[in-house]
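A.B. asks: Heads up: the sequence shown begins at 132 in my numbering, then just goes up one per residue. Just passing along the structure, written as structure tokens.
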Amino acid sequence: MKRLLKILWLVPAILFCWSCERDYMFRGGEEGIMFSSDTVMFDTIFTSIGSATRNFRVINPYDTDLTIDLIKLAGGEDSKFRININGIPDPEVRDVHLRAGDSIYIFAEVTINPGDSSDPSFVVTDSVIFQTKERVQSVKLVAYGQDVVLLRKKTLGTQTLKADKPYLIYDWLIVDSASVLTIEEGAELYFYQGASLVVSHGASLKVMGTRENPVLFTGSRLEEWYQDKPGQWNGISLMPGSKNHEINYAIIKNATVGLSVDSVGLKGGLPLRLSNTRIEHVSQQGLVAQASSIIADNCLFGDAGSASVALTYGGYYKFYHCTIVNYYKWKSYRNIPALLLSNYYIDKDRNKPEIRDMEEALFSNCIIWGANPNEIGLDFEPKNKEEGNRQKFIINYKFENSLIRTQLSADVLSDTKHFKEVIFNYNPAFVNYQSYNYELDTLSVAIDAGNLETARKYPIDYMGNSRVEGNRLPDLGYIERIEQEQ
132 MKRLLKILWL
142 VPAILFCWSC
152 ERDYMFRGGE
162 EGIMFSSDTV
172 MFDTIFTSIG
182 SATRNFRVIN
192 PYDTDLTIDL
202 IKLAGGEDSK
212 FRININGIPD
222 PEVRDVHLRA
232 GDSIYIFAEV
242 TINPGDSSDP
252 SFVVTDSVIF
262 QTKERVQSVK
272 LVAYGQDVVL
282 LRKKTLGTQT
292 LKADKPYLIY
302 DWLIVDSASV
312 LTIEEGAELY
322 FYQGASLVVS
332 HGASLKVMGT
342 RENPVLFTGS
352 RLEEWYQDKP
362 GQWNGISLMP
372 GSKNHEINYA
382 IIKNATVGLS
392 VDSVGLKGGL
402 PLRLSNTRIE
412 HVSQQGLVAQ
422 ASSIIADNCL
432 FGDAGSASVA
442 LTYGGYYKFY
452 HCTIVNYYKW
462 KSYRNIPALL
472 LSNYYIDKDR
482 NKPEIRDMEE
492 ALFSNCIIWG
502 ANPNEIGLDF
512 EPKNKEEGNR
522 QKFIINYKFE
532 NSLIRTQLSA
542 DVLSDTKHFK
552 EVIFNYNPAF
562 VNYQSYNYEL
572 DTLSVAIDAG
582 NLETARKYPI
592 DYMGNSRVEG
602 NRLPDLGYIE
612 RIEQEQ
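Spelled out as structure tokens, the structure:
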């Protein structure tokens, strides 16, 4: 098995040698060979899980050939690190010939075992030693370890996930029927590629985050490049018949679909309460619901490959002080608006729409914006307005005291049954949408544009600031702008 791993590791090492590398050079003193880095740093590594591969170059800066007598991993076979020396996966290689002005690559990986430290967060170090004649030089290897609770294909009964250690989920984590999963404030759940959290029929999810200690749901890649990369895990699914869900101060990111809600909260059931939650950096929808009941406040839905929020097949929805925004950068064109409202799905067997009532879809003191000229989609059936013998369905939606970007017709937008005190197509002037900062800048038209009655129901914003203190007028969106005293 070790031999097979060595052979497999040769492939990325050889391929990488054809790619570019930064030309920052470090010399360990006069007359020495040079290195592209004096320290190779690894982002936080979960115990038992191998790291991504890092590399550095060893350069002969002279106009004559030289031989490096010895290159070795200081920790040898017992090291947590593994190195590949110019295509040779071995902790020690002798007599490495280096032509004048030429260079070789050293690749490094690390795996940290549980129990390497009593501290759940710790540092592992080693170094690569280079001996040329009488001269000895080194490059440091540094990794930050994090002990985790590993959950693989796990079905849970009623229990609480605590915040003392992060959780690493493989494949799936299922909340069993009639069970309640409570997640403590500050808990961190990391999902491997393709992993999901599924809440079964009759089960409940209680996410009890706080402003100081939100609950994190994200992918398992911790390197900086992956922080806003979508599609790293499947997402959270609230299945038909699941019930009594509460999600407060959660960060759900880097999924395929952030939160999927199917047939939850109708027919006398309690709605999903979604508060102070950010769902962003997803490859499909941020929040997708069908035939469900949701009350959301102080939430951000952003950066989605499809709709940031898709409310389909009817239902009952109320969104207060939410920011629904989409500047998705991972593909050149997005043909779905940031917000999609629909009351049907297509029955493929009968090739016709199955329709349900859109009992209510209310957006009060919200911002709906993005990169596209139209960020609201209204897709309701039947599309033919002539009555005839067709069955009537409820289509009840309303935007009040909100700012939206849209190309809907003037006839539609002038209907006060659906649009009241709405600001159309004025840029909300976010502080910096490119770095996902959706706070309002000083001159934003969304400042003081909110409905005071709505703000009194939700007087505290996502950041913990008052919207109504001193009889101030509330802003739109999930964050109130607070001017700093000079």
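C-beta: ideal position from N, C-alpha, C; glycine also. What you are looking at is a predicted structure, and each value in this text was computed from that prediction instead of being measured.
Go ahead and label Lys462 buried or exposed: buried means 16 or more other beta carbons lie within 10 angstroms of its beta carbon, across all protein chains shown.
C.D. replies: The residue given as residue 462 occupies position 331 in the sequence shown. By the neighbour-count rule (16 or more Cβ atoms within 10 Å), Lys462 is not buried but exposed.
A.B. asks: Measuring alpha carbon to alpha carbon, tell me which of Met339, Phe450, Gly399 ends up nearest Gly372.
C.D. replies: Here residue 372 refers to the residue found at position 241 of the sequence shown. Checking every option, the nearest Cα to that of Gly372 belongs to Gly399.
A.B. asks: Can you tell which of Gly350, Asn344, Leu197 has the C-alpha that lies nearest to the C-alpha of Arg230?
C.D. replies: Working through the sequence shown from its first residue, we reach residue 230 at position 99. Answer by Cα proximity: Leu197.
A.B. asks: From Gly207, Leu574, Ile383, pick the residue whose C-alpha is nearest to that of His412; which is it?
C.D. replies: Against the sequence shown, residue 412 aligns to sequence position 281. When only C-alpha atoms are compared, the closest one is Ile383.
A.B. asks: Do Thr184 and Val270 have their C-beta atoms closer together than 8 Å?
C.D. replies: On the sequence shown, position 53 is the one that residue 184 refers to. On the sequence shown, position 139 is the one that residue 270 refers to. The answer is no: Cβ separation not under 8 Å.
A.B. asks: Taking the beta carbon of Trp356 as the centre, do at least 16 other beta carbons fall within 10 Å, making it buried, or is it exposed?
C.D. replies: Indexing the sequence shown from 1 puts residue 356 at position 225. The residue in question, Trp356, is exposed, as its Cβ has fewer than 16 Cβ neighbours within 10 Å.
A.B. asks: Are there three or more Cβ pairs, one per stretch, closer than 8 Å when the region 419-426 is compared with the region 343-360?
C.D. replies: No, the region 419-426 is not in contact with the region 343-360.
A.B. asks: Ends of the alpha helix (DSSP H) at Val82?
C.D. replies: The structure shown has nothing for residue 82, since the chain only spans 132 to 617.
A.B. asks: To the nearest angstrom, how far is the alpha carbon of Phe261 from that of Ile202?
C.D. replies: Here the question's residue 261 lines up with position 130 in the sequence shown. Here the question's residue 202 lines up with position 71 in the sequence shown. The alpha-carbon atoms of Phe261 and Ile202 are separated by roughly 5 Å.
A.B. asks: Mind checking Arg481: buried by the 16 CB within 10 Å criterion, or exposed?
C.D. replies: One-based indexing of the sequence shown puts residue 481 at position 350. Label assigned to Arg481: exposed.
A.B. asks: Taking a contact to mean a Cβ-Cβ separation below 8 Å, would you say Gln421 touches Thr443 in this structure?
C.D. replies: In the sequence shown, residue 421 corresponds to position 290, counting from 1. In the sequence shown, residue 443 corresponds to position 312, counting from 1. Closer than 8 Å, so yes.
A.B. asks: Thinking C-alpha only, which one of Ser252, Ile176, Gly232, Ser167 is nearest Asp194?
C.D. replies: Within the sequence shown, residue 194 is the residue found at index 63, counting from 1. For Asp194, the nearest C-alpha among the options comes from Gly232.
A.B. asks: Closest by CA to His332, which one among Tyr459, Asn568, Phe450, Leu369?
C.D. replies: Translated into the one-based positions of the sequence shown, residue 332 becomes position 201. The shortest Cα separation from His332 among Tyr459, Asn568, Phe450, Leu369 belongs to Leu369.
A.B. asks: Run the CB neighbour count on Lys548, radius 10 Å, all protein chains shown included, and call it buried at 16 or more, exposed below.
C.D. replies: Counting from one through the sequence shown, the residue named residue 548 turns up at place 417. By the 10 Å Cβ count, Lys548 comes out exposed.
A.B. asks: Hey, which unbroken runs of the beta strand (DSSP E) at 3 residues or more fall wholly within the region 284-311?
C.D. replies: Taking only runs of at least 3 residues, the beta strand (DSSP E) segments lying wholly in the region 284-311 are 290-292, 298-306.
A.B. asks: Val338 and Ile314 - do their beta-carbons sit closer together than 8 Å?
C.D. replies: As a position in the sequence shown, residue 314 is number 183, starting the count at 1. As a position in the sequence shown, residue 338 is number 207, starting the count at 1. Cβ distance < 8 Å, so Ile314 and Val338 count as in contact.
A.B. asks: Using the C-alpha atoms, what's the distance from Trp500 back to Leu292?
C.D. replies: Numbered from 1 along the sequence shown, position 161 holds the residue referred to as residue 292. Numbered from 1 along the sequence shown, position 369 holds the residue referred to as residue 500. When rounded, the distance between both Cα atoms is 36 Å.
A.B. asks: What does DSSP give as the partner residues of Tyr447 in its beta bridges?
C.D. replies: Within the sequence shown, residue 447 is the residue found at index 316, counting from 1. Paired residue(s): Ser424, Glu491.
A.B. asks: DSSP on Trp364, reduced to helix/strand/coil?
C.D. replies: In the sequence shown, residue 364 corresponds to position 233, counting from 1. DSSP places Trp364 in strand when its eight states are reduced to three.
A.B. asks: Whole-angstrom Cβ separation of Ala274 and Ser182, contact assumed at under 8 Å?
C.D. replies: Within the sequence shown, numbered from 1, the residue matching residue 274 stands at position 143. Within the sequence shown, numbered from 1, the residue matching residue 182 stands at position 51. About 7 Å separates the two Cβ atoms, so the contact holds.
A.B. asks: Within the continuous alpha helix (DSSP H) that includes Asp542, where are the two ends?
C.D. replies: Here residue 542 refers to the residue found at position 411 of the sequence shown. 541-544 is the span of the alpha helix (DSSP H), which, as asked, contains Asp542.
A.B. asks: By the 10 Å Cβ neighbour count, where 16 or more other Cβ atoms means buried, how is Tyr464 classified, buried or exposed?
C.D. replies: Residue numbering aside, residue 464 sits at position 333 when the sequence shown is read from its first letter. The residue in question, Tyr464, is exposed, as its Cβ has fewer than 16 Cβ neighbours within 10 Å.
A.B. asks: Between the region 443-460 and the region 484-503, are three or more C-beta pairs nearer than 8 Å?
C.D. replies: They touch, by the three-pair rule.
A.B. asks: Would you kindly work out how many angstroms separate the C-alpha atoms of Ala541 and Ile367, rounded to a whole number?
C.D. replies: Position 410 of the sequence shown holds residue 541. Position 236 of the sequence shown holds residue 367. Spanning the two alpha carbons is a distance of roughly 38 Å.
A.B. asks: What three-state label does DSSP hand Gly163 in the structure shown?
C.D. replies: Your numbering for residue 163 matches position 32 in the sequence shown. Coil, per DSSP.
A.B. asks: Determine whether the beta carbon atoms of Ile507 and Leu470 lie at a separation below 8 Å.
C.D. replies: Indexing the sequence shown from 1 puts residue 507 at position 376. Indexing the sequence shown from 1 puts residue 470 at position 339. Yes, Cβ-Cβ distance for Ile507 and Leu470 is below 8 Å.
A.B. asks: On the criterion of 16 or more Cβ atoms from any shown chain inside 10 Å, does Ala318 qualify as buried, or is it exposed?
C.D. replies: Residue numbering aside, residue 318 sits at position 187 when the sequence shown is read from its first letter. The residue in question, Ala318, is buried, as its Cβ has 16 or more Cβ neighbours within 10 Å.
A.B. asks: Work out the CA separation of Ile455 and Val346 for me, nearest whole Å.
C.D. replies: Here residue 346 corresponds to residue number 215 of the sequence shown, with the count starting at 1. Here residue 455 corresponds to residue number 324 of the sequence shown, with the count starting at 1. When rounded, the distance between both Cα atoms is 20 Å.
A.B. asks: I need the boundaries of the alpha helix (DSSP H) containing Lys462, first residue and last residue.
C.D. replies: Within the sequence shown, residue 462 is the residue found at index 331, counting from 1. Lys462 -> no alpha helix (DSSP H), and no H or E assigned at all.
A.B. asks: List the DSSP bridge partners of Asp257.
C.D. replies: The sequence position of residue 257 within the sequence shown is 126, counting from 1. For Asp257, which the question treats as bridged, DSSP gives the partners Leu272.
A.B. asks: Buried or exposed: Leu607, going by 16 or more other Cβ atoms within 10 Å of its Cβ?
C.D. replies: Looking up residue 607 in the sequence shown gives position 476. Buried, by the Cβ-count rule.
A.B. asks: Apart from the five residues on each side of it in sequence, which residues of its chain come closer than 8 Å, Cβ to Cβ, to Ile235?
C.D. replies: Here residue 235 corresponds to residue number 104 of the sequence shown, with the count starting at 1. So the list reads Arg188, Val189, Ile216, Asn217, Val227, Leu229, once near-sequence residues are dropped.
A.B. asks: Using beta carbons (cut-off 8 Å, strictly below), is Glu531 in contact with chain C?
C.D. replies: Absent here is chain C; the protein component of the structure consists of one chain.
A.B. asks: I'd like the span of the alpha helix (DSSP H) that includes Glu223, first residue to last.
C.D. replies: As a first step, residue 223 must be located in the sequence shown, where it is residue number 92. Segment 223-229 is the beta strand (DSSP E) holding Glu223; no alpha helix (DSSP H) there.
A.B. asks: For the candidate residues Leu204, Gly433, Pro504, whose alpha-carbon lies nearest to that of Ala565?
C.D. replies: Numbered from 1 along the sequence shown, position 434 holds the residue referred to as residue 565. With the sequence shown as reference, residue 565 is identified as Gln, and Ala is not the correct amino acid for it. The candidate whose alpha carbon is nearest that of Gln565 is Gly433.
A.B. asks: Please report the distance separating the alpha-carbon of Leu281 from that of Ala441.
C.D. replies: Stepping through the sequence shown from its first residue, residue 281 is reached at position 150. Stepping through the sequence shown from its first residue, residue 441 is reached at position 310. If you take the alpha carbons of Leu281 and Ala441, they lie about 33 Å apart.
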